[in-house]
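Undergrad: Quick note on this note's numbering: the sequence shown kicks off at 521 and runs consecutively.
Could you have a look at this structure, given as structure tokens, before my questions?
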Amino acid sequence: MLVGKRLHGRYKIQEVIGGGGMANVYLARDVILEREVAVKVLRFDFANDEEFIRRFRREAQSATSLAHPNIVSIYDVGEEEDIYYIVMEYVEGQTLKQYIQQNAPLHPREALNIIEQIVSAIAHAHENQIVHRDIKPHNILIDHHGNVKVTDFGIAMALSSTTITQTNSVLGSVHYLSPEQARGGLATKKSDIYAIGIVLFELLTGRLPFDGESAISIALKHLQSDTPSPKRWNAMIPQSVENIILKAMAKDPFHRYETAENMLEDIETAFNTNRLNEQKFVIPDDLDATKAIPIITDDKISNGDDTLVHGPGPPPETPTAIPSKKQKVKKKKDKPKKKRSRFAKFIIAAFIILILAGVAAVTIVPAIFLPKDVMVPDLQGENYQAAYNQLTELGFKVDDETTLVEDEEIEEGLVVKTNPNAGKMAKEGSTITIYESSGKKKVTLNDYVGQDIEQVKELLERRGFEKITIEEVHSEEGEGVIVNQEPLDGEAVIPSEDEITLTYSVGPAKISLRDLSGYSKDAVDAYIEENGFKLNEGEAQYSSEVPAGQVISQSPNPGEQLDPGSTIEVVYSLGVEEKPVKTVTKEIEIPYEPAEEGEEIEVILSVDDAEHSVSTPYEQFKITEPTTRTVEFNIAPDSTAYYQVMIKDTIVKRETIPYPEDG
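Take a look at the structure:
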């Protein structure tokens, strides 16, 4: 399986959407141009055939020269590890074969609208000297709007060397094989025209003109059997439309349309009033169905033209001047006898009686003994049992196996149509097939989880989904990635009716930042890890209010909405700051008040601070004049220092010195 593989680094294979005997078709994503494409991959069992590969490359690449609205565009041709592939336009719809199986017989106007698009595409190819060689409904796509796209130009021509002796591989295409191809001859532009005639026959009748148990038996019918009138199965077909089929399917290419353009002209005027009941197309001399068709060889095609060198027919017979022996004898005996005359009359009378008896056998006897024709009733919209009863009452048999078909309008379980169609005449006792509605077309959902929401939404809308609900959710997945779908993958749904809900991620949810004030370091670390944040610790600070080791402040502020992975900064407390012992220098003036002039006075200076006690004199000295002493006080935090001056046992001066708070 190639699903999931990326070809040429560009085309990502998503799912299988089709296939056949020669190739498989995948839906892929062009990751460069961001669009969906179809990738046709040659089957591996053909990958070792050098001749086949050579022609595959050449012919597939030649198809890229075609640019027409009814031809699937080819974007790329390549190979990778023995994988040979063609990248082409992705058409959302179905093959024309599937459309025929569901809807045929079609109204002639609808059938001609489809065939006109096909012929227009083939005419463009023929103008570019490209012969399709494998036209069939399987190789034609039709979208939901009725637009037609012809495909398989490249591979079809690479397969052109296949002959009907390869029964197993050709059986699917031999139904559309021209007589000249059936004889092993070269396929030409007129072979394409023959195949288009068969496709038109199938659109109008829902059946093939020639069928059989083997490829050989079908090929022989292409060569020998007359083209049946499509009016046998669809009475609505005007003669002008039947003539298009008869002319396109002429056994001898000489009697077919000269070009696809000529056929297109006939199609465009088929419903003109003066053409609807025109004369039936008849091959001159009625020789077409029985004459031997020569194998077409290169010497019968000149300058790229596909017109056959068609020799004149045999000259008409003319009387000879030489009489036969019987004529000579009659001249000798030119007098008839009476007995012979009577005998001749008897013979003539007997012959007339035989003719009359034959006419009676053909007309009167069948009317008495053969089953009569009965019109098939219109049963559309009836339930199965009611339809069954009506058909049996009219003398029909009902096919035991009911065919289920999808229908956009008729409810599930009701009759869509019958085969033969309503209004057609069918023999009493013949079998009628009932086509029962299985409801509207259902599609199987893929697994969209893990894919981009916008791309999936666009894909679903292109596939016809009308009820798409989009929901958002926070998750660890990246933004825009689908995390859930409802219904789940593998379930069958009706695009126009059923709702599909896609839930996609908008990324992780934002978190409201908690107030971390007073949190310890361990508590902060746990919160950071739990919510996926990153932590940055600011410089710790002293606090007289917050104990050491707890958060003083944070940034961002509490209550802010943050994404996981955001950075949080916190500042821890160092606790109450311890104040130092500070030194204060003080100039102390000591007064001098002697009793007598020149008297020596003894002074005792006492200091009380962190290092001294007032009970022990700081300094003791004598003065004979006013004196100043410089003292350094060592003051502890939250305390004071003081000094006192004592003279003659009397304290003459005292002062308190506070702890300096200003530093």
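We treat Cβ as the ideally placed atom computed from N, Cα and C, and that holds for glycine.
The structure presented is a predicted model; accordingly, all values stated were derived computationally and were not measured.
#1: Going straight from the alpha carbon of Ile713 to that of Leu661, what length do you get?
#2: By DSSP, does Arg996 sit in helix, in strand, or in coil?
#3: With DSSP as the reference, label Gln1005 as helix, strand or coil.
#4: Three-state secondary structure (DSSP) at Val719?
#5: Quick one: residues in its chain with C-beta nearer than 6 Å to the C-beta of Ala1130, no 5 flanking neighbours on either side, listed in chain order?
#6: Consult DSSP for Glu647 and reduce its assignment to one of helix, strand or coil.
#7: Suppose you measure from the CA of Glu837 to the CA of Ile868; what does that come to, to the nearest Å?
#8: Output needed for Gly539: all residues of its chain with C-beta closer than 8 Å, excluding positions within five of it in sequence on either side, in chain order.
#9: Mind the definition here: the segment 944 to 961 touches the segment 921 to 929 only if three or more C-beta pairs lie below 8 Å; say whether that holds.
#10: Check whether the segment 936 to 953 touches the segment 975 to 988, taking contact to mean three or more Cβ pairs, one atom from each stretch, closer than 8 Å.
#11: Decide yes or no for the touch test of the segment 582 to 597 against the segment 643 to 652: beta carbon pairs closer than 8 Å, at least 3 of them.
#12: Leu740: which of Glu762, Leu697, Arg776 and Phe721 sits nearest, CA to CA?
#13: With distance defined between alpha-carbon atoms, name the residue in Glu1109, Asp1128 and Glu999 nearest to Ile1103.
#14: Since Ser635 contacts Leu720 with CB under 8 Å, what's their CB separation in whole angstroms?
#15: Alpha carbon to alpha carbon, how far is Gln900 from Val963?
#16: Using 8 Å as the Cβ pair cut-off and three pairs as the minimum, do the segment 933 to 950 and the segment 900 to 910 touch?
#17: Taking all protein chains shown into account, do 16 or more other C-beta atoms lie within 10 angstroms of the C-beta of Tyr1062, making it buried, or fewer, making it exposed?
#18: Pick from Val597, Glu612 and Val896: whose alpha carbon is nearest that of Phe916?
#19: Would you give the residue range spanned by the beta strand (DSSP E) that Glu1089 belongs to?
#20: Check whether the segment 1039 to 1048 and the segment 996 to 1013 touch, using three or more Cβ-Cβ pairs below 8 Å as the test.
#21: From the DSSP output, which residues share a beta bridge with Val597?
#22: Cβ of Gln744 within 8 Å of Cβ of Leu796?
#23: Are the CB atoms of Glu1006 and Thr1021 nearer to each other than 8 Å?
#24: Using three-state DSSP, classify Ile638 as helix, strand or coil.
#25: Take every Cβ of the segment 1081 to 1092, pair it with every Cβ of the segment 1156 to 1166, and state whether three or more of those distances are shorter than 8 Å.
#26: Locate the alpha helix (DSSP H) running through Thr912, then write down its first and last residues.
#27: Reducing DSSP to helix, strand and coil, say where Val523 ends up.
#28: Assign Phe673 to buried or exposed, taking buried as 16 or more other Cβ atoms, counted over all protein chains shown, within 10 Å of its Cβ.
TA: From the atom records:
#1: In the sequence shown, the residue the question calls residue 713 occupies position 193. In the sequence shown, the residue the question calls residue 661 occupies position 141. Their Cα atoms are separated by approximately 18 Å.
#2: What you label residue 996 is simply residue 476 of the sequence shown in a count that begins at 1. The sequence shown places Glu at residue 996, rather than the Arg named in the question. If DSSP states are grouped into helix, strand and coil, Glu996 belongs with coil.
#3: Walking along the sequence shown from the start, residue 1005 turns up at place 485. In the structure shown, Gln1005 sits in a strand (DSSP, three-state: E or B).
#4: Numbered from its first residue, the sequence shown carries residue 719 at position 199. Helix at Val719.
#5: If you number the sequence shown from 1, residue 1130 lands on position 610. Beyond the five residues adjoining it in sequence on each side, Ala1130 comes within less than 6 Å, by CB distance, of Val1101, Asn1154 and Ala1156 in the same chain, given in chain order.
#6: For the purposes of this step, residue 647 is identified with residue 127 of the sequence shown, where counting begins at 1. Annotated three-state conformation of Glu647 is helix, per DSSP.
#7: For the purposes of this step, residue 837 is identified with residue 317 of the sequence shown, where counting begins at 1. For the purposes of this step, residue 868 is identified with residue 348 of the sequence shown, where counting begins at 1. For Glu837, the pLDDT reaches just 38, beneath the cut-off of 50, and the residue's location in the model is therefore unreliable, leaving the point undetermined.
#8: Mapped onto the sequence shown, residue 539 falls at position 19. Once the five neighbours on either side are set aside, the close Cβ partners of Gly539 are Val545.
#9: Remark: three or more beta-carbon pairs, one from each stretch, lie closer than 8 Å, so the segment 944 to 961 and the segment 921 to 929 are flagged as touching.
#10: As far as the Cβ criterion goes, the segment 936 to 953 does not touch the segment 975 to 988, which means the pair count is below three.
#11: Contact between the segment 582 to 597 and the segment 643 to 652 is present, because at least three Cβ pairs lie under 8 Å.
#12: Walking along the sequence shown from the start, residue 740 turns up at place 220. Leu740 has its Cα closest to that of Leu697, out of Glu762, Leu697, Arg776 and Phe721.
#13: Start at 1 with the first residue of the sequence shown, and residue 1103 comes out as number 583. The question names Ile, but residue 1103 in the sequence shown is Thr. Ranking the options by Cα distance to Thr1103, first place goes to Asp1128.
#14: Sequence index remark: in the sequence shown, residue 635 carries index 115 (1-based). Sequence index remark: in the sequence shown, residue 720 carries index 200 (1-based). Per the sequence shown, the amino acid found at residue 635 is Ile instead of Ser. The Cβ separation is near 5 Å, so the contact holds.
#15: As a working note, residue 900 is residue 380 in the sequence shown. As a working note, residue 963 is residue 443 in the sequence shown. Taking the straight line joining both Cα atoms gives about 25 Å.
#16: Remark: three or more beta-carbon pairs, one from each stretch, lie closer than 8 Å, so the segment 933 to 950 and the segment 900 to 910 are flagged as touching.
#17: Here residue 1062 refers to the residue found at position 542 when the sequence shown is read from its first residue. So Tyr1062 ends up on the exposed side.
#18: Residue mapping note: residue 916 aligns to position 396 of the sequence shown, counting from 1. Per the Cα distances, Val896.
#19: Reading the sequence shown from its first residue, position 569 is the one you call residue 1089. Following the DSSP letters along the chain, one finds Glu1089 inside the beta strand (DSSP E) bounded by residues Thr1087 to Gly1095.
#20: A contact between stretches requires three or more CB pairs, one per stretch, nearer than 8 Å, and the segment 1039 to 1048 fails this requirement with the segment 996 to 1013.
#21: The residue you call residue 597 lines up with position 77 of the sequence shown. According to DSSP, Val597 bridges with Ile606.
#22: On the sequence shown, residue 744 is found 224 positions in, with the first residue counted as 1. On the sequence shown, residue 796 is found 276 positions in, with the first residue counted as 1. In this structure, the beta-carbon distance from Gln744 to Leu796 does not fall below 8 Å.
#23: Within the sequence shown, the letter at position 486 stands for residue 1006. Within the sequence shown, the letter at position 501 stands for residue 1021. Contact flag set, yes.
#24: Reading the sequence shown from its first residue, position 118 is the one you call residue 638. Judged by DSSP in its simplified three-state form, Ile638 adopts helix.
#25: No, the segment 1081 to 1092 is not in contact with the segment 1156 to 1166.
#26: As a first step, residue 912 must be located in the sequence shown, where it is residue number 392. It spans Tyr904 to Glu913 - the alpha helix (DSSP H) in which Thr912 sits, taken as one unbroken run.
#27: Counting from one through the sequence shown, the residue named residue 523 turns up at place 3. Residue state, collapsed to three classes: coil.
#28: Locating residue 673 in the sequence shown gives position 153, where the first residue counts as 1. Classification of Phe673: buried, given that the 10 Å Cβ count is 16 or more.
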